[in-house]
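Per our numbering, residue 4 is the first one in the sequence shown, and the count goes up by one each step. Below is one structure, written out as structure tokens; the observations come after it.
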Amino acid sequence: MASFPVPGSSYRGPAPEFAGFRATQPLVRLPATGGGHCWVATTTESVRAVLDDVRFSRAASYEPDAPTFPGLFQAPPGMIISLDPPAHTRLRDLVTQAFSADRVEAMRPRVQQLVTDLLDRADEESLDGPVDLLGKFTFPLAVIAISDLLGVPAGERDTFARLIREFAAVDAPETAAAAGEQLGEYMAALVFGKLRAPGDDVLSALTQVRIGDDKLEVGELIGLGYTLLGAGGDSTACHLASSVLTLLGHHRDVWVRLGEHPEEVPAAVEELLRWITLSTNDTTGLPRIALEDVTLFGVTVPKGEAVFVSTSSANRDSAVFTDPDTLDFGRGGEHIAFGHGIHRCLGAPLARIELVTALRELTRRFPAARLAVAEEALEWQRADMNHRLVALPVDLHGKWS
């Protein structure tokens, strides 16, 4: 019997057991490592059903008697990803005013310039040998882009990025707790600075949004600040690195084709978002607690028990995608890599701009790029929220192989 988290996940797909779950158990009960048990939604239909059902509460997972799952990252209470309606609805309505489509779209030229500048530097470094695209490109791009959006000063980005990574270190709770405290202190100072002297950034805009007399409180602004930074910086960087690895390691013909046909890059990005598994435990890692006995898909989740949703498994659902384990860069179909419904990721539009711009420029500028080491020699960070490479050495011009 598999236990949760189910072992065997990689960037190339969720744990193999999920295929069996999808076929027979859209909502499966699993023993949990460390004791107790939980439920996991495994299909597109069941994931959407759980996320849409107000009887499954995020906020209740912070109650003293709620089940706990050691080794999993749990966001602090009060953050937007930790709330239920109507508190969640209020916060999201306010945030949407500042984090608008127009504001994110206005960042496209800045993202293009960041990609160009970072790849110029990587190209210069490639004269001396392979380049670590993780350290030199994917992480700097994601961190700088989200820092610009929030108005984090340039000189503080590296420190902030380190704190975000430490905050996500599920195997080092003391380190994570210390980083969380420092992030809170830093974001508090940043928020008070924006309240005194607003700038042209989302955090400043968040200090100004109003619905009638309602506005965001300081604590809410702090939580939103590092929610956006953590999700936008870390997740985008890890996914982009895995995208490059997927193409160079297994689909170099597609890499070359994308360089020749940049109009095909957006569709390729969507397929990579569907196919690549970002989370190391194959779920969002955010438990929801049944507020009453809930019967779905032929099973009953008793009141007080925890449910996780596996978007990675749902994105391999044969009821939605033909031959779902195969990367098909001409595929249609709507994935749920960014979540669903009211819990859909606010940063999805910015992530798409970064991923499309980065992949378009990488394939255009470096058609001969190859992995500088065998994939088996690549090292992955242990016990992290996301599948994160330690480094991604790439021979940009294919001359060091």
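No residue lacks a Cβ here, since even glycine has one placed at the ideal position from N, Cα and C.
Within the present structure, is the beta-carbon of residue i separated from the nearest heavy atom of the ligand COA by less than 6 Å?
i	result
leucine 251	Of ligands this structure carries none, so the ligand COA is not represented either.
Between which two residues does the beta strand (DSSP E) holding residue i run?
i	result
valine 397	396-398
threonine 283	Looking at the DSSP string, threonine 283 is not in any beta strand (DSSP E), and its letter there is neither H nor E.
threonine 314	Segment 314-317 is the alpha helix (DSSP H) holding threonine 314; no beta strand (DSSP E) there.
alanine 293	291-293
arginine 32	30-34
Along the alpha helix (DSSP H) that carries residue i, what are the first and last residues, could you check?
i	result
proline 176	176-199
proline 143	142-153
threonine 119	111-128
glycine 262	255-263
leucine 75	Taken as a continuous stretch (DSSP letters only), leucine 75 belongs to no alpha helix (DSSP H), as it is neither H nor E.
arginine 51	47-55
valine 107	104-108
aspartate 331	Note, aspartate 331: premise wrong, no alpha helix (DSSP H); not H, not E.
threonine 99	90-101
Could you have a look at residue i and say whether DSSP puts it in helix, strand or coil?
i	result
proline 269	helix
leucine 349	coil
histidine 40	strand
isoleucine 339	coil
valine 9	coil
threonine 303	strand
arginine 373	strand
serine 85	helix
valine 247	helix
glycine 16	strand
valine 297	strand
aspartate 217	strand
aspartate 204	coil
phenylalanine 170	helix
alanine 361	helix
phenylalanine 163	helix
serine 64	helix
alanine 309	strand
phenylalanine 465	Nothing can be reported for residue 465: it is not among the residues displayed for the chain, which extend from 4 to 404.
leucine 381	coil
valine 137	Per the sequence presented here, residue 137 reads as leucine, with valine not at that position. Note: leucine 137 maps to helix in three-state DSSP.
leucine 392	strand
Nearest CA to the CA of residue i: which residue from the options?
i	options	result
alanine 317	Ser6, Ser13 and Phe24	Phe24
leucine 281	Ile292, Asp256, Leu251 and Ala240	Ala240
leucine 323	Arg277, Ala109 and Gly288	In the sequence under discussion, the amino acid at residue 323 is valine, which differs from the leucine named in the question. Closest by alpha carbon: Arg277.
threonine 329	Gly401, Thr283, Ile345 and Thr249	Thr249
glycine 11	Ile225, Leu86, Glu159 and Asp285	Asp285
valine 221	Asp151, Glu188 and Leu362	Glu188
phenylalanine 170	Phe21, Ala179 and Asp123	Ala179
leucine 227	Arg367, His91 and Arg260	His91
alanine 192	Gln384, Phe311, Leu224 and Lys306	Leu224
arginine 32	Gly301, Met388 and Leu381	Gly301
alanine 69	Arg385, Trp383 and Lys306	Lys306
alanine 26	Arg319, Thr366, Arg385 and Met388	Arg319
alanine 18	Leu392, Thr314 and Leu381	Thr314
leucine 39	Ser150, Val310, Asp203 and Leu251	Just to set this straight, residue 39 is glycine in the shown sequence, not leucine. Of the candidates Ser150, Val310, Asp203 and Leu251, the one whose C-alpha sits nearest the C-alpha of glycine 39 is Val310.
glutamate 108	Phe341, Asp256, Arg367 and Gly350	Gly350
Once the 5 residues before and after residue i are set aside, which same chain residues still bring their CB inside 7 Å of it?
i	result
glycine 138	Ala394
alanine 35	Ser6, Phe7, Cys41 and Phe72
lysine 218	Val212
Note down, in chain order, each residue of its chain lying with its Cβ closer than 6 Å to the Cβ of residue i, except the 5 sequence neighbours on either side.
i	result
tyrosine 466	Absent from the model: residue 466. The displayed extent of the chain is 4 to 404, so no value can be given.
arginine 51	His343
serine 64	Pro290 and Ile292
isoleucine 84	Ala78
glutamate 128	Val134
aspartate 398	Pro133, Arg373, Ala375 and Ser404
valine 259	Pro370
Would you kindly check if the distance between the Cβ of residue j and the Cβ of residue i is under 7 Å?
i	j	result
leucine 198	alanine 101	no
valine 114	glutamate 266	no
alanine 118	glutamate 308	Reading the sequence as shown, one finds valine at residue 118 and not alanine. Against a cut-off of 7 Å, the Cβ pair of glutamate 308 and valine 118 comes out as no contact.
glycine 236	valine 146	yes
valine 57	alanine 44	no
alanine 62	leucine 94	no
serine 207	glycine 154	yes
leucine 136	valine 268	no
glutamate 274	arginine 334	yes
phenylalanine 369	alanine 271	no
phenylalanine 140	alanine 125	yes
proline 133	proline 396	yes
serine 279	serine 245	As written in the sequence, residue 279 is isoleucine, which differs from the serine given in the question. Yes, Cβ-Cβ distance for isoleucine 279 and serine 245 is below 7 Å.
leucine 294	serine 60	yes
leucine 299	leucine 97	no
proline 88	leucine 121	no
histidine 390	tyrosine 14	yes
Any beta-carbon of chain B closer than 7 Å to the one on residue i?
i	result
arginine 373	Going by chain labels, chain B is absent from the structure shown, which holds only one protein chain.
Cutting at 8 Å between CB atoms, please list the residues of its own chain near residue i, excluding the five before and the five after it.
i	result
alanine 104	Pro352
glycine 183	Pro79 and Phe170
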